[in-house]
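To convert, take the position in the sequence shown, counting from 1, and add 711; that gives my numbering. Where is the CB? At the ideal position from N, CA and C, for every residue including glycine. Please read all numbers here as calculations on a predicted model, not as lab measurements. Here's the structure we're looking at; comments come further down.
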Amino acid sequence: MKKINLSLIITALVTVIMISACEKKAPELSVIEVTLATSAAFNGVSVSNIPVEITNTVDNTKKTVLTNPAGVALFEDLAPSTYNISASKELTAEVAFNYTGFSKALTINANLQNIAVMPLQTSKQTLTLDGKAGGDLVIKEVYSLGAANDGYAIMFKDQFFEIFNNSDEIQYLDKLYIAYLSPTKAGQGANDVPLGLPLTSFVYASKILQFPGTGTQYPLEPGMGAVVAINAINYKEQKPLALTVDNSKAQFDTYAITWLQSLGRTGNSFFDVDNPNVPNMNCIYLNIQNNGFFNMDDYASIALVKSGPVFTETIKDPTITTSEVYYMKIPVSEIIDGVDILAKSSSAAFKRLPTVIDAGFTYAQENGSANYTGKSLRRKVAKTLASGRKVLQDSNNSSSDFEVVAPATPHSYNIK
């Protein structure tokens, strides 16, 4: 009798365990199926055996899968979330010449941001690889976040950006443009809103500067950088303990007060200081009517633009309803180089440049809040030649091309 009771008890326990196991909810895992294609400009480039990477925007985990011969990469057993997807393929100089006419190695890229994947869903996405021949001039460094440990005496007055000659020939800066891109908000605040304008044909500038010169007045030798300082002042001398820079050796500086006054507007003499020994950049466009100057946004996306165009067409910011804010339209086809700097790793929706110019974006701190840290975004070195000249990495993807440094390093790659 005891044996029968024990057997019944064991059977009952097993039944309960099995029922409980069945009642447990199965993991609601999902799938992303990515198909790679190429733009018409690169029709014929193989899409087989290309690494495709997905990034979970919630926890920043990454996973990479190679495409099969049909150009498909399958990501299985994924947690429902929001993902960024990217892919890139390097073309040798010989192969690139067949598509671009330039005998220079090239990286073509593709990406998608904020792809929402639901439970038990197979999300099918297509990425189109595209790119343009790397420019001889590149943006080497952008320091926009402002000084640290300065008692808020310097703040962002020590900002600069640097243009670098990445070629083996003399390049001329004369009449090239620099555009500060919109929106000014880059995903730091909870109420930040993406601009929402298409990036296929145009980017949108809140401020535009132009290098002075008539054509050959401002040569830049191979392996050399030209610094454009907001104020060409030695802030390190003013505040020795601060994490700041000496901008007194800048090749150019910005100064808007005289220009604004000529238009019947007012400048800002507290932040805008002229160094008479340093050539001024030419002021072209500033969408702030009064009390404006050519500082960069904390998280500053900028573009180097060809000398040919004259910019006249503006567009209203569709996200601002309390006032009228306009940006200057710049054709993507006129951009030589650009870098997208956003607030943090989850700010992809705030990109200001199309994939063909910058397939990714960079940031100073994963969680944002990097202003007044003395940090700077600097392009990496791809190789150093026997002559000592540095060749900088230029895959048209700032996610991999740039690194964070502190303090900022003006002229740090110069060969002499």
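Beta-carbon proximity check, residue i vs residue j, cutoff 8 Å
{"i": "GLN832", "j": "LEU823", "result": "no"}
{"i": "ILE995", "j": "VAL1016", "result": "no"}
{"i": "THR768", "j": "THR839", "result": "no"}
{"i": "ALA967", "j": "LEU997", "result": "yes"}
{"i": "MET992", "j": "PRO923", "result": "yes"}
{"i": "ASP1048", "j": "LYS1062", "result": "no"}
{"i": "VAL914", "j": "ASN942", "result": "no"}
{"i": "GLY845", "j": "VAL1067", "result": "no"}
{"i": "PHE1005", "j": "ASN979", "result": "no"}
Straight-line gap, residue i to residue j (C-alpha atoms, nearest Å)
{"i": "THR889", "j": "ASP1069", "result": "Per the sequence shown, residue 889 should be read as Ile rather than Thr. Those two C-alpha atoms are separated by around 16 Å."}
{"i": "VAL1043", "j": "THR955", "result": "34 Å"}
{"i": "THR1073", "j": "THR1025", "result": "27 Å"}
{"i": "VAL882", "j": "THR818", "result": "For the sequence presented, residue 882 should be read as Gln rather than Val. Looking at the two C-alpha atoms, the distance is approximately 22 Å."}
{"i": "GLN928", "j": "ILE761", "result": "45 Å"}
{"i": "PRO905", "j": "ALA1060", "result": "6 Å"}
{"i": "LYS735", "j": "GLY900", "result": "Note that LYS735 has pLDDT 48, beneath the 50 cutoff, so the model's placement of it is unreliable and the number below is only indicative. When rounded, the distance between both Cα atoms is 39 Å."}
{"i": "VAL727", "j": "GLY907", "result": "Any reading at VAL727 must be qualified, since the residue scores a pLDDT of 49, below 50, and its modelled position is unreliable; no value is offered."}
Close-in-space but distant-in-sequence residues of the same chain around residue i (CB under 6 Å, 5 per side omitted)
{"i": "LYS1086", "result": "LEU856, ALA1075, VAL1115, ALA1117"}
{"i": "LEU802", "result": "LEU817"}
{"i": "PHE1022", "result": "MET1039"}
{"i": "PHE808", "result": "SER814"}
{"i": "ALA804", "result": "SER814, LYS815, ALA816"}
{"i": "GLY898", "result": "LEU1053, ALA1054, SER1058, PHE1061"}
{"i": "VAL756", "result": "THR749"}
Residue range of the alpha helix (DSSP H) that includes residue i
{"i": "SER973", "result": "968-973"}
{"i": "ALA804", "result": "804-811"}
{"i": "SER1110", "result": "1109-1112"}
{"i": "GLN824", "result": "Taken as a continuous stretch (DSSP letters only), GLN824 belongs to no alpha helix (DSSP H), being part of the beta strand (DSSP E) at 817-828."}
Segment limits, beta strand (DSSP E) that includes residue i
{"i": "PHE871", "result": "871-876"}
{"i": "LYS1101", "result": "1101-1103"}
{"i": "TYR996", "result": "993-997"}
{"i": "LYS868", "result": "Counting along the chain, LYS868 falls outside any beta strand (DSSP E), and DSSP gives it neither H nor E."}
{"i": "GLN836", "result": "833-840"}
{"i": "GLN899", "result": "First-last for GLN899: undefined, no H or E at that position."}
{"i": "GLN921", "result": "913-921"}
{"i": "TYR888", "result": "888-892"}
Other residues of its chain near residue i: CB distance less than 7 Å, five sequence neighbours each side excluded
{"i": "VAL776", "result": "VAL763, ALA784, LEU785, PHE786"}
{"i": "ALA737", "result": "Residue placement at ALA737 cannot be trusted, given a pLDDT of 49 that sits under 50; what the coordinates show is reported in the next sentence. Here the set comprises nothing."}
{"i": "ALA781", "result": "none"}
{"i": "SER1110", "result": "GLY1071, PHE1072, THR1073"}
{"i": "THR977", "result": "LEU971, ASN1001, ASN1002"}
{"i": "ASP879", "result": "PRO933"}
Contact belief for residue i with residue j at Cβ below 8 Å, rounded distance in angstroms
{"i": "SER1056", "j": "GLU1077", "result": "5 Å"}
{"i": "LYS1091", "j": "ASP1112", "result": "6 Å"}
Residues of its chain near residue i, where Cβ-Cβ distance is below 8 Å and the 5 sequence neighbours each way are ignored
{"i": "ASP964", "result": "VAL939, ALA940, ILE941, ASN942, ALA943, ASN958, ASP985, ASN986, VAL989, PRO990, ASN991, MET992"}
{"i": "TYR1124", "result": "LYS851, PHE875, GLY934, GLY936, VAL1092, LYS1101, LEU1103"}
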